[in-house]
Amino acid sequence: MNYLDLSIADIHAALVAKKVTPLELTKEALKRAHESKDNAFEMILDDEAIAFASSLGEPEEDNLLWGIPYLAKDNFSTKGLPTTASSNVLNGYKPLFDAHVIDVLKQKKAVLIGKTTLDELAMGGTGTTGHLGITYNPYDPKHERMMGGSSCGSAAAVAAGIVPFALGSDTGDSVRKPASYGGVIGVKPTWGRISRYGLFPFAPSLDHVGFFTRYVSDAALLCDVLSGRDEMDSTSSEKPVPHCLEKLSEEKKPTFAVLSDIVDSIHDETILSSFRALCQKLEEQGCKVTYVPFGKEALESIYATYIVISCAEATSNDANLDGIKFGPYYEGKTYQEVMFNARTKGFSELIKRRFVIGSFCLMAENQDVLFLRAQRNRAKIVAKTNEILKDVDFILVPAAPSIAPKLGQSSDKLSDEYLIADNHLALGNFAGLPSVTLPLGYEEGMPFGVNLMGRAFEEEELFQACRLVSDSTGLEGSYYGKEDK
Ligand code: GLN
Numbered sequence: 000m001n002y003l004d005l006s007i008a009d010i011h012a013a014l015v016a017k018k019v020t021p022l023e024l025t026k027e028a029l030k031r032a033h034e035s036k037d038n039a040f041e042m043i044l045d046d047e048a049i050a051f052a053s054s055l056g057e058p059e060e061d062n063l064l065w066g067i068p069y070l071a072k073d074n075f076s077t078k079g080l081p082t083t084a085s086s087n088v089l090n091g092y093k094p095l096f097d098a099h100v101i102d103v104l105k106q107k108k109a110v111l112i113g114k115t116t117l118d119e120l121a122m123g124g125t126g127t128t129g130h131l132g133i134t135y136n137p138y139d140p141k142h143e144r145m146m147g148g149s150s151c152g153s154a155a156a157v158a159a160g161i162v163p164f165a166l167g168s169d170t171g172d173s174v175r176k177p178a179s180y181g182g183v184i185g186v187k188p189t190w191g192r193i194s195r196y197g198l199f200p201f202a203p204s205l206d207h208v209g210f211f212t213r214y215v216s217d218a219a220l221l222c223d224v225l226s227g228r229d230e231m232d233s234t235s236s237e238k239p240v241p242h243c244l245e246k247l248s249e250e251k252k253p254t255f256a257v258l259s260d261i262v263d264s265i266h267d268e269t270i271l272s273s274f275r276a277l278c279q280k281l282e283e284q285g286c287k288v289t290y291v292p293f294g295k296e297a298l299e300s301i302y303a304t305y306i307v308i309s310c311a312e313a314t315s316n317d318a319n320l321d322g323i324k325f326g327p328y329y330e331g332k333t334y335q336e337v338m339f340n341a342r343t344k345g346f347s348e349l350i351k352r353r354f355v356i357g358s359f360c361l362m363a364e365n366q367d368v369l370f371l372r373a374q375r376n377r378a379k380i381v382a383k384t385n386e387i388l389k390d391v392d393f394i395l396v397p398a399a400p401s402i403a404p405k406l407g408q409s410s411d412k413l414s415d416e417y418l419i420a421d422n423h424l425a426l427g428n429f430a431g432l433p434s435v436t437l438p439l440g441y442e443e444g445m446p447f448g449v450n451l452m453g454r455a456f457e458e459e460e461l462f463q464a465c466r467l468v469s470d471s472t473g474l475e476g477s478y479y480g481k482e483d484k
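If you read the sequence shown in numbering that gives the first Met the number 0, its first letter stands for residue 0, the second for the next number, and so on.
Next comes the structure, spelled out in structure tokens:
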């Protein structure tokens with residue numbers, strides 16, 4: 000057992016007691032990063048991390064993040080350091096500023112040891128479309144199964160025990176789905192909780208800063224530290240920051256709604272029986288668990304609604320990726336020609352397809368039937384979600400219908416298993432509600448997860464519920480590489 004494998008609070012205690020130094024921790028994390036074979040890194044920041052860790056001086060007793068190594072998805076701007084969003088269009092781009100969350104972590108003296116891969120521009124859910132190729136799942140050394148995305152590198156690195164936490168971003172499920180495939184905790188707090196200044200936008204009405212950890216207490220700590228109003232992001236909330244860590248162990252007996260149509264769309268018996276066993280354990284502890292239907296038609300419409308809204312927003316946002324304002328310059332006689340060449344050469348097929356969909360939905364003649372209709376449907380789905388959360392404290396569902404799928408294996412895109420069980424996490428983005436994926440079990444040596452969603456800005460209560468779930472499953476900490484995995 001290395002100090003790096005402990006919870007942040009335990010690493011902190013060792014740092015304060017001078018049993019280990021930030022430099023030793025950083026060197027161990029860098030060594031693990033270099034040894035990893037999962038293609039999880041856009042860059043490993045050896046020199047910068049060693050210089051920063053060496054400069055930290057005396058331990059700060061009341062700062063839990065002091066000297067803790069971490070990673071950031073490469074769509075967070077880092078001053079003077081490449082920020083690629085795993086897209087060739089951003090090759091060579093070095094931001095002039097740090098993203099808000101990078102800045103906060105720098106103030107807290109956490110040590111950034113590298114930047115992780117993603118599906119290009121955070122679009123996609125497989126971890127296969129970034130410009131460096133496929134990111135693999137550390138649970139599958141044969142490299143047959145996906146990591147899931149878009150925050151593939153951060154998920155893989157935390158799963159592999161390289162760092163105690165990593166930043167990600169979540170527009171539809173990009174933190175919470177790979178968390179399920181990687182057996183780690185994946186958090187997306189309430190929309191507006193954490194400033195998105197310096198996060199490369201995908202679809203701002205759905206985008207959230209999120210993060211991966213191995214312990215519930217680490218997730219609660221990060222939520223506290225990263226939350227708060229930031230004048231550089233007008234959508235960040237004025238609400239007081241939560242005290243999730245302090246309130247984590249308060250005794251509560253919350254009520255849970257299981258969305259029955261989601262569970263009915265799942266066929267994997269191992270996932271279903273683990274999920275039922277969890278519900279039973281929660282009930283044995285005095286919690287109330289009820290099965291509630293959401294409405295199949297509404298659930299089946301999530302994916303289409305998500306694609307229309309997110310692609311429309313992305314098309315508009317990413318208009319600046321034109322080979323002039325950003326990106327490698329390719330010759331052309333006119334602005335259109337330069338842009339055409341940069342985008343043709345710079346983007347993968349998935350991005351091109353999404354920009355075509357987005358442009359089509361935004362054309363004047365299509366706006367009402369596509370874009371506005373999707374907005375109206377989103378409003379209905381949000382109303383239904385909030386209605387359920389008036390009667391119960393949390394929505395509880397399996398995070399995904401399966402363990403990490405095999406690479407290249409395609410699913411029936413019109414089945415309920417895909418439309419409902421593979422896409423329901425976007426409910427949390429539509430409504431901006433806080434949502435956490437936690438490990439639930441293992442099948443064929445691969446992890447799968449459970450998801451909890453709560454009311455807006457009730458992260459303190461949500462983490463208390465996570466504590467209950469985690470105590471019931473007994474799955475916390477680093478499992479990768481352990482014999483009993
Ligand atoms: N998998 C979803 C997509 O394909 C979600 C992406 C995300 O959350 N960034 O867009």
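All C-beta atoms, glycine included, are put in the ideal place defined by N, C-alpha and C.
Here the structure is a predicted model, which means the values were calculated and not measured.
Can you name, in chain order, every residue of its own chain whose Cβ lies under 8 Å from the Cβ of His-33, other than the five neighbours on each side?
Here the set comprises Ile-43.
Quick one: does the C-beta of Gly-126 sit closer than 7 Å to a heavy atom of the ligand GLN?
In terms of side-chain proximity, the C-beta atom of Gly-126 is found no nearer than 7 Å to any non-hydrogen atom of the ligand GLN.
For Asp-415, three-class secondary structure by DSSP
Three-state result, Asp-415: helix.
I want to know whether the segment 214-228 touches the segment 254-269 - three or more CB-CB distances under 8 Å.
No contact exists between the segment 214-228 and the segment 254-269.
Use the C-beta contact count for Ile-323: other C-beta atoms within 10 angstroms, 16 or more gives buried, fewer gives exposed.
With a threshold of 16 other beta carbon atoms within 10 Å, Ile-323 falls short and is exposed.
Near Pro-200, which residues of its chain fall below 7 Å by C-beta distance, leaving aside the five closest residues on each side in sequence?
For Pro-200, where only same-chain residues beyond five positions count, the Cβ hits under 7 Å are Asp-206, Asn-316.
Thr-472 and Leu-277 - do their beta-carbons sit closer together than 8 Å?
With contacts defined as CB atoms closer than 8 Å, Leu-277 and Thr-472 qualify as a contacting pair.
DSSP three-state assignment for Ala-158, whether helix, strand or coil
In the structure shown, Ala-158 sits in a helix (DSSP, three-state: H, G or I).
Simplified DSSP assignment, three categories, for Val-449
Reduced to three states, the DSSP call for Val-449 is strand.
With respect to 7 Å, is the separation between the Cβ of Ala-154 and the closest non-hydrogen atom of the ligand GLN below this value?
Checking every heavy atom of the ligand GLN against the Cβ of Ala-154, none is found closer than 7 Å.
Mind pulling the beta strand (DSSP E) runs of 3 or more residues that sit fully within the segment 160-187?
Taken in chain order, the complete beta strand (DSSP E) segments of 3 or more residues contained in the segment 160-187 are 164-169, 184-187.
Does the structure place the segment 176-190 close enough to the segment 152-159 that three or more beta carbon pairs sit under 8 Å?
Segments in contact, yes.
Spatial neighbours of Leu-570 within its chain, please: C-beta separation below 7 Å, excluding the five flanking residues on both sides.
With the chain covering only 0 through 484, there is no way to say anything about residue 570.
Helix, strand or coil, according to DSSP, for Glu-57 in the structure here?
Of the three classes helix, strand and coil, the one that applies to Glu-57 here is coil, per DSSP.
Where do the N-terminal and C-terminal ends of the beta strand (DSSP E) with Ser-434 fall, by residue?
Ser-434 -> beta strand (DSSP E) spans 434-442.
With DSSP collapsed to three states, give me the class of Ala-341.
It is helical.
Sub-8 Å separation of Lys-72 and Thr-115 beta-carbons:
The answer is yes: Cβ separation under 8 Å.
For Ala-398, the nearest candidate out of Gly-294, Asp-172, Gly-476, Glu-237 (CA to CA):
Comparing Cα positions, the closest option is Asp-172.
Straight-line gap, Glu-386 to Ile-49 (C-alpha atoms, nearest Å):
Approximately 50 Å, taken between the alpha carbons.
Go ahead and pull the three-state DSSP assignment for Tyr-302.
It is helical.
Quick check: the Cα distance between Asp-483 and His-266, rounded to an integer number of angstroms?
No answer about Asp-483 holds up, because its pLDDT of 44 lies below 50 and its placement is not dependable.
Beta-carbon spacing of Pro-21, Val-103 below 8 Å
Contact flag unset, no.
Quick one, which of Ala-39, Val-224, Met-231 has its alpha-carbon nearest Ser-149's?
It is Ala-39 whose Cα lies nearest to the Cα of Ser-149.
Using a threshold of 7 Å, is the CB atom of Ser-6 nearer than that to any non-hydrogen atom of the ligand GLN?
Incorrect: Ser-6 has no Cβ contact closer than 7 Å to the ligand GLN.
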